[in-house]
Structure formats: C-alpha cells, structure tokens
Amino acid sequence: MWYLDKDILFLILEEIRNNKKTLYSCLLVNRTWCVAAVPLLWRNPWDSYNFKPLLDVILSYLSEEWRDILKNQGINNLIAETYQQPLFNYIDFLKYLDLYFLEKTISSFKIEESKQIIIKNEILKLFCNSNATFNHLSIPRNISNYQLHLITGAERCLSELEFLHCNVDQNVLKDLASICKSIKTLKVDIYYCADNSGIIKLIEVQKNLHDVSFIGIHYDSSQKKINDESFYKSLEESLIKHADTIQYLKIDWIPITGFLSYLVNLSILEICNGWNDINYFENLSSPNLKILNVNQVPPKILTNLVKNTIGQLTEISISSVDNKMVIQVIYQNCPNLKYLHLSLANNNSLTDSSLFILEIEYLLINCQCLKGLIINTCFAVFRWDQFFMILARSSPVSLFRFKFIFSGTVKLEDLKLFFDKWEDRNPMLLTINNLQCSKMQMEDLIKQYKVRGTIKKCSIDRNFISYQNFDWA
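The numbering used here puts the sequence shown at residues 1 to 473.
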C-alpha cells in the first residue's frame, strides 16, 4: 500500500481546512490521517451546533480535584459521572478562543451566577495553561468577570493574537494592550462604551494593524444616542498613527477629522450613517480604494467619494439609492467595476422605474468588467419586463451572476422572457427573493431552463441576509 509522508499529508489537508465534512471523513482512514486531521478540526470548533458535547470534552480536562470541587458546589449537571481521558490533547490545537460561545453555553444551564463565574474561570485556566497559542479571540461585554489577564499563562497564549472582537470594560482592553501587540484585525462594539481609553491604548501599541471595525453608535446606559465629538475624534486620531498599514475600515459615525485622507493604503471602506458635510470628500483622494459599502449617505457626498477613487473601485454596495446621479457617477468613474449591489429607495427621485432602468443600461454598456449584479427594489410597481430586456441586451459577456429582491409581484412570464433572451450566453448563477410569488411555480420554471443550459445554478430564498455579500460559487 502507498503511504503519504505525514508532513506532506498535513500540508494537503491544510488546503481543505475549511471543509469540515471532508476533514471528518479523514478521521476514519487510519491513525496517520486521523492525527493529521484532528488539529485542523480543533482550530476553531466553536461553530459547532452541538454545544453540550463540545463543553463535555473541554470539562474532561479538569483535574479530579476540581471536578470534585465543582460537584460539591452543586454544579453536577455540567460534570459527567463517568470520566474518560480524551485520546488527544484537543485544547492544545485551539487557535480560536470564542468566549461568546462559553458565555452562551454555560449560561444556558440553570446555575447560580456566582457558580457560573467559577466554572468559566476554571475553563479559562485550562486554556491558558495548555500549549495552545491563540490567534483569534472573541470576548463579550462582561469579560471583567473572567479576570482573563490575571490568569497565569495568559500572556504566553495571547501574545501572538492577530484577531480580536470585543465589547468589554476599558480596563480589560488596557491589560490586553500590555500583552497583544500583533493584532491585524480589530472589531470593537462601541454601543455602550463609557469611555474609549482602553480601545485607544490597544490601537496605539499594535505593530501591523490592517482591518478596523467600529460597530454601532455610541449610546449611554439609558439607550440614548450620545453625540460626543471628543469620543470619536480620539478614535480617529489613534488610527492616523497606523495610516500606512490600515487597509479596511468600517465606521458608523460622521467623521470629525480629516483622518481618511491619511489612510493612503485603504482598500475597503464601509460607512453607515447620514453624513451631512457635502464637502467632506471633495478633496479626499483614495487611490487604492477597491471596495465601497455605504448606507444612508447623501448623493452629493457619495458622488464626491466615488470620483476621488480615480477609477479603481471594483466592488460597490449602496443602500437607499434615491437619485440617478449616484448611478451616473458610477458608470462615469468606475471602468473596472466587477460587482454592484444597489438597494433602491422608493421616493420621488426614482418613482419612475423606467428612469432607473435607462441609467442601468448606460452602466452595463460602460462597465464592461461587471461580473455580478444585485438589485433590491422597494418599488410597488417596477418594470421588470423592461429591466430584464435591458439585461439580456446590454450585459457585458462577463456578467452572469444575478441576485434579485422583489418587493412587489414579478410575473413569471417576465422571467421566462429574460431566460429566453439569455440563450447562448454564459449560464447564469441566480438568486431570487420574492415573498409574493409562488415558490413552486418559480422552481418549475427554473428547472426548465436548467435543462436547457440557460441557468447553471439558482436558489429561491426568502432570507434577506444572504444578499449582503457577493458570495456566488
């Protein structure tokens, strides 16, 4: 029998590390394959839906002494009666530490809060005293109960952290700043931050910060929005110190300073909130910006931003499009555009759907690199027949990935006409969302055109979340 060298086998399995189903099958080949697959499966086990079995494995590493202590504390429903040492030191293989999972799982049991804190801290001690070196860490707001930074071994196992998602006490972030200096991706929930001193300290000490997301609007404890310019200004100024390395930025507030001008290597920008300063982007140059995702940004501000990207944008996602000027500035300034997502607002500027459709045809003609198109319309009456004719007539050869979200009723004969006109083009990848059409009738229609080779793949989905990203196969 032919055998693979174990190091080569590991490199091969590394290429399919995100394919859990295939990795699970490798466990059954022989011991060599099993030994190679287990570390990959345990890098990030937190996406499992079987919370209790995963927790059972983790708790099996507790010493007999601590198992007895927990039982004496009355925490019997978490401790298995029969004790069996696992075949592998699974905890040593962990690269992701998801304390949201830990919080959710333990909180699901009917245990007093004081006892929950005891068992959470014991599990953290297990992690920190293992041979694991974490590169991803997600921590919830009440992490202060865990005393993570005080646990022996925390400095060693967190020193190589590259990803941090947090919504926590600022003192905890300050302590993490003394340990973690290699973070590349930082996501911070700022909904109820009393201050941002810990966030700023953590940002300041990083050596190679690439991706930054500030999620949410600043609220006080009574859920009242806080318009504290100093809060946001200090965050913006801390990012300027990483101007040469930041490539991705997401913010949910109106900029206070001109800090975006300093981020010369910014390639992905996500902004959400109504920006009122129409001159903010007038002189802003973003020569490396490739991906733009905006929501509730006034047309004049948006057009300034698109113009100043100097034609480099390849992906655009815009919510609440209510002015043809937005579509015009895209096809006039984005010759390299590959993916476009437009969510159309139902107001006076675009109530005549024919006007929008005409602008889309100009876009199809001018953006010859376009590969994927998502259209989400709120129009009660939309000329889908006219729109589909435009797509079939003017789409560039590269465009065959579509996602359509219909708020009103779309006629099956309009779709049929679209499919007929698409014949002899690249088979399309299609996703359709419509709450008012018969799913069965639509599925029957799709099947016909799959057989004819017009459609390669189609999903009929009623979950709007699936339309957030360009995720075609």
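Think of the CB as a built atom: it goes at the ideal place given N, C-alpha and C, for glycine as much as any other residue.
If we call anything under 7 Å between Cβ atoms a contact, is GLU423 one with THR454? Taking the sequence shown and counting its residues from 1, one reaches residue 423 at position 423. Taking the sequence shown and counting its residues from 1, one reaches residue 454 at position 454. Yes, they are a contact pair.
Would you kindly check if the distance between the Cβ of LEU355 and the Cβ of ILE316 is under 7 Å? In the sequence shown, residue 316 corresponds to position 316, counting from 1. In the sequence shown, residue 355 corresponds to position 355, counting from 1. Contact check for ILE316 against LEU355 fails: the beta carbons are separated by 7 Å or more.
What span of residues does the alpha helix (DSSP H) with TYR512 cover, start to end? No answer is possible for residue 512: the residues shown for the chain start at 1 and end at 473.
Buried versus exposed call for SER178 [16 or more other C-beta atoms within 10 Å across all chains shown]: Translated into positions along the sequence shown, residue 178 becomes position 178. Per the 10 Å Cβ criterion, exposed.
Can you tell which of ASN433, THR431, ASP420, ILE460 has the C-alpha that lies nearest to the C-alpha of VAL451? In the sequence shown, residue 451 corresponds to position 451, counting from 1. The closest CA to that of VAL451, considering only ASN433, THR431, ASP420, ILE460, is found on ASP420.
Taking Cβ positions, are ASN295 and THR245 nearer each other than 7 Å? Position 295 of the sequence shown, counted from the start, is the residue given in the question as residue 295. Position 245 of the sequence shown, counted from the start, is the residue given in the question as residue 245. It is not a contact, given that the beta carbons lie outside the stated cut-off.
What does the alpha-carbon distance come out to for the pair GLN312 and LEU305? Along the sequence shown, read from residue 1 onward, the residue named residue 312 stands at position 312. Along the sequence shown, read from residue 1 onward, the residue named residue 305 stands at position 305. Approximately 12 Å, taken between the alpha carbons.
Can you check whether the CB of GLU162 is closer than 7 Å to the CB of LYS184? Position 184 of the sequence shown, counting from 1, holds the residue named residue 184. Position 162 of the sequence shown, counting from 1, holds the residue named residue 162. Going by C-beta atoms, LYS184 is nearer than 7 Å to GLU162.
Identity of the residue in ILE374, ILE200, LEU150, ILE215 nearest ASN167 by Cα: Taking the first residue of the sequence shown as position 1, residue 167 is located at position 167. Among ILE374, ILE200, LEU150, ILE215, the Cα nearest to that of ASN167 belongs to ILE215.
The beta strand (DSSP E) with GLY372 in it runs from where to where? Position 372 of the sequence shown, counted from the first residue, corresponds to residue 372. Where GLY372 is concerned, the enclosing beta strand (DSSP E) starts and stops at 372 to 377.
Length of the line joining the Cα atoms of THR309 and LEU370: The residue you call residue 309 lines up with position 309 of the sequence shown. The residue you call residue 370 lines up with position 370 of the sequence shown. Between the C-alpha atoms of THR309 and LEU370 there is a straight-line separation of about 17 Å.
How about PHE382 and PHE418: are their beta carbons less than 7 Å apart? Here residue 382 refers to the residue found at position 382 when the sequence shown is read from its first residue. Here residue 418 refers to the residue found at position 418 when the sequence shown is read from its first residue. Taking a C-beta distance under 7 Å as the contact criterion, PHE382 and PHE418 do not qualify as a contact pair.
Which residues bound the beta strand (DSSP E) around SER320? Against the sequence shown, residue 320 aligns to sequence position 320. Secondary structure note for SER320: its beta strand (DSSP E) is the uninterrupted segment 315 to 321.
Name the DSSP bridge partner or partners of ILE291? Here the question's residue 291 lines up with position 291 in the sequence shown. DSSP output for ILE291 lists ILE268, GLU315 as bridge partner(s).
Please state whether DSSP places ILE190 in a helix, a strand or coil. In the sequence shown, residue 190 corresponds to position 190, counting from 1. In this structure, DSSP gives ILE190 a state outside helix and strand, which the three-state scheme calls coil.
Starting from LEU305, follow the alpha helix (DSSP H) in both directions and report where the run begins and ends. Stepping through the sequence shown from its first residue, residue 305 is reached at position 305. Here the alpha helix (DSSP H) through LEU305 covers 299 to 307.
Nearest to LYS300 by CA position, among ASN288, ILE327, GLY258, ILE16, is which residue? Your numbering for residue 300 matches position 300 in the sequence shown. The option with the nearest alpha carbon to LYS300 is ILE327.
Rounded to whole angstroms, what's the CA-CA distance from ASN426 to ASN171? Just pull it up for me. The count along the sequence shown starts at 1 and reaches residue 426 at position 426. The count along the sequence shown starts at 1 and reaches residue 171 at position 171. If you draw a straight line from the Cα of ASN426 to the Cα of ASN171, it comes to about 56 Å.
On the three-state DSSP scale, how would you describe LEU11? Against the sequence shown, residue 11 aligns to sequence position 11. LEU11: helix per DSSP, three-state reduction.
Helix, strand or coil, according to DSSP, for SER238 in the structure here? By one-based count along the sequence shown, residue 238 stands at place 238. Note: SER238 maps to helix in three-state DSSP.
Can you give the beta carbon distance from THR257 to LYS241, rounded, assuming they're within the 8 Å contact cut? Against the sequence shown, residue 257 aligns to sequence position 257. Against the sequence shown, residue 241 aligns to sequence position 241. About 13 Å separates the two Cβ atoms, so there is no contact after all.
Which residues in the same chain have their Cβ closer than 6 Å to the Cβ of GLU103, if we skip the five residues on either side of it in sequence? For the purposes of this step, residue 103 is taken as residue 103 along the sequence shown, with counting starting at 1. Hits under 6 Å: PRO140.
Can you tell me whether SER486 is buried or exposed? The criterion is at least 16 other CB atoms within 10 Å of its CB, across all chains shown. For the chain, the structure presents residues 1 to 473; residue 486 sits outside this window and is missing.
When you compare each of SER130, ASN18, PHE109, LEU373 to LEU97 by their alpha carbons, which one comes out closest? If you number the sequence shown from 1, residue 97 lands on position 97. Residue SER130 is the option with its Cα nearest to LEU97.
Assuming contact is defined by CB atoms lying nearer than 7 Å, are ASP385 and THR431 in contact in what I supplied? Start at 1 with the first residue of the sequence shown, and residue 385 comes out as number 385. Start at 1 with the first residue of the sequence shown, and residue 431 comes out as number 431. No, Cβ-Cβ distance for ASP385 and THR431 is not below 7 Å.
Tell me the rounded alpha-carbon separation between TYR467 and LYS110. The residue given as residue 467 occupies position 467 in the sequence shown. The residue given as residue 110 occupies position 110 in the sequence shown. Confidence in TYR467 is poor, its pLDDT being 48 and thus under 50, which makes the residue's placement unreliable; the coordinate value appears in the next sentence. When rounded, the distance between both Cα atoms is 38 Å.
On the three-state DSSP scale, how would you describe TYR248? Walking along the sequence shown from the start, residue 248 turns up at place 248. Strand at TYR248.
Do ALA36 and LEU11 have their beta-carbon atoms positioned less than 7 Å apart in this structure? Residue numbering aside, residue 11 sits at position 11 when the sequence shown is read from its first letter. Residue numbering aside, residue 36 sits at position 36 when the sequence shown is read from its first letter. Contact check for LEU11 against ALA36 fails: the beta carbons are separated by 7 Å or more.
LYS110 (DSSP reduced to helix, strand or coil): As a working note, residue 110 is residue 110 in the sequence shown. Three-state result, LYS110: coil.
Let me know if GLN448 comes out buried or exposed under the rule of 16 or more other beta-carbons within 10 Å of its beta-carbon. Position 448 of the sequence shown, counted from the first residue, corresponds to residue 448. Residue environment for GLN448: exposed (fewer than 16 other C-beta atoms within 10 angstroms of its C-beta).
List the DSSP bridge partners of ILE215. Taking the sequence shown and counting its residues from 1, one reaches residue 215 at position 215. For ILE215, which the question treats as bridged, DSSP gives the partners ASP189.
Paired residues, beta bridge with ARG401 - DSSP: Translated into the one-based positions of the sequence shown, residue 401 becomes position 401. DSSP lists GLY372, LEU429 as partners of ARG401.
Cβ neighbours of LYS174 in the same chain (closer than 8 Å, five flanking residues each side left out): Within the sequence shown, the letter at position 174 stands for residue 174. Cβ neighbours of LYS174 beyond the five flanking positions: SER197, GLY198, LYS201, LEU202.
At what residues does the alpha helix (DSSP H) containing TYR362 begin and finish? As a first step, residue 362 must be located in the sequence shown, where it is residue number 362. Counting along the chain, the alpha helix (DSSP H) containing TYR362 begins and ends at 353 to 366.
Check the DSSP bridge columns for HIS136 and list the partner residues they point to. For the purposes of this step, residue 136 is identified with residue 136 of the sequence shown, where counting begins at 1. DSSP lists TYR96, PHE163 as partners of HIS136.
Would you decide whether TYR100 is buried or exposed? Buried here means 16 or more other CB atoms lie within 10 Å of its CB. Locating residue 100 in the sequence shown gives position 100, counting from the first residue. Exposed.
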